[in-house]
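Here's the structure, in structure tokens; my notes come after.
If you want it as structure tokens, here you go:
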């Protein structure tokens, strides 16, 4: 990586991926739907666990290439009990939203954090690798389409997919197939990460609103998402928190909550 790689613009294909996600969620119904069981017990339906609280911060600082704050957020997450595998998976997934350069730089930062903690005598739990076999071919398309429909609340349709059908196939086979079939990170955590990254990224407000709705569909409550906005306000910048708060208000209005 070159020193200024973290400032590179995401590849056009990745921007198209993010744009298509926003369109995808905007054409579906906002029915709330749980996805996978959380791996940890939450304090209540209105409160994020300590591990969950760290995820949007990790994502937001990754998206802005703010390495000092990312370092602190990674330490916060590991201190709270995120495993190395879970933390790594968050940074891997987010390449689809903020680009490979930022993902690679953030993974390098995680390596540095883990090594420094080891030298201080902290033994972080390695966590587990995905246990479920990832399907291939037509089975991968079927699994990804089912995941996409569950998160979206309905089969995905829209003019952009008629104009460029291949982008939906990429979404179904890669994002919702290859990535969402990896069972070492639950879907609530995946959405918390996406919300954090998009909130920190100017110009993608419609996608952020869509992922607030998706967060409700995978079982996060309005109270928990309000806590996300509070965390971003407390630890991030005012613009990031304002974008998150506006998107949440719009999502709650659209979902009738």
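Numbering (mature numbering (1 follows the signal peptide of the UniProt record, and there is no 0)), first residue to last: -31 to -1, 1 to 226. Glycine included, each C-beta is placed from N, C-alpha and C at the ideal position.
For residue i, which residues of its own chain have a beta-carbon under 8 Å away from its beta-carbon, when the five flanking residues on both sides are left out?
i, result
"residue 32", "63, 66, 67, 71, 165, 166, 167, 169 and 170"
"residue 50", "9, 19, 20 and 94"
"residue 195", "217"
"residue 103", "109, 146, 147, 150 and 151"
Skipping 5 residues on each side, what residues in its chain have a beta carbon closer than 7 Å to that of residue i?
i, result
"residue 145", "113, 116 and 117"
"residue 42", "23, 26, 27 and 30"
"residue 7", "Reliability fails at residue 7, whose pLDDT of 38 lies under 50, so the model's placement of it is uncertain and the value that follows must be treated cautiously. Cβ neighbours of residue 7 beyond the five flanking positions: 155 and 157."
"residue 141", "110, 113, 114 and 117"
"residue 200", "22, 25 and 26"
Does the separation of the CB atoms of residue i and residue j fall below 8 Å?
i, j, result
"residue 47", "residue 93", "yes"
"residue 120", "residue 183", "yes"
"residue 230", "residue 180", "Absent from the structure is residue 230, since the part of the chain shown begins at -31 and ends at 226."
"residue 153", "residue 96", "yes"
"residue 220", "residue 178", "yes"
"residue 15", "residue 54", "no"
"residue 105", "residue 44", "no"
"residue 17", "residue 193", "yes"
When the Cα of residue i is compared with those of the options, which residue comes out closest?
i, options, result
"residue 75", "39, 130 and 54", "39"
"residue 224", "196, 44, 208 and 190", "190"
"residue 151", "135, 109, 130 and 178", "109"
"residue 101", "139, 135, 149 and 131", "149"
"residue 35", "52, 78, 193 and 45", "78"
"residue 111", "90, 54, 147 and 99", "147"
"residue 91", "210, 52 and 17", "52"
Ignore the nearest five residues each way along the sequence and tell me which others in residue i's own chain have a CB closer than 6 Å to its CB.
i, result
"residue 226", "191"
"residue -1", "Bear in mind that the predicted position of residue -1 carries a pLDDT of just 32, short of 50, making it too unreliable to give a figure here."
"residue 5", "Unreliable placement is indicated for residue 5, whose pLDDT of 38 sits below 50; the coordinate value is still reported in the next sentence. Counting only Cβ-Cβ distances below 6 Å, and skipping sequence neighbours, we find 155 and 156."
"residue 134", "none"
Cβ of residue i less than 8 Å from any chain D Cβ?
i, result
"residue 47", "This model lacks chain D altogether; it includes just one protein chain."
- Message: Contact between the region 210 to 226 and the region 164 to 174 is defined here as three or more beta-carbon pairs at a separation below 8 Å; is this criterion met?
- Response: yes
- Counting pairs of beta carbons, one from the region 49 to 62 and one from the region 152 to 159, are three or more of them closer than 8 Å? yes
- Query: Can we say the region 196 to 214 touches the region 24 to 31, given the rule of at least three CB pairs closer than 8 Å?
  - Reply: yes
- Item | Inter-stretch contact (C-beta, 8 Å, three-pair minimum) for the region 83 to 103 and the region 124 to 138 | no
- Mind listing, in chain order, the continuous alpha helix (DSSP H) runs of no fewer than 4 residues lying wholly within the region 137 to 189? 156 to 168 and 174 to 186
- Let me know the beta strand (DSSP E) ranges lying completely inside the region 10 to 40, each 3 residues or longer, listed in chain order. none
- List in chain order: all unbroken alpha helix (DSSP H) runs of 4+ residues lying wholly within the region 68 to 147. 69 to 88, 106 to 121, 128 to 132 and 134 to 139
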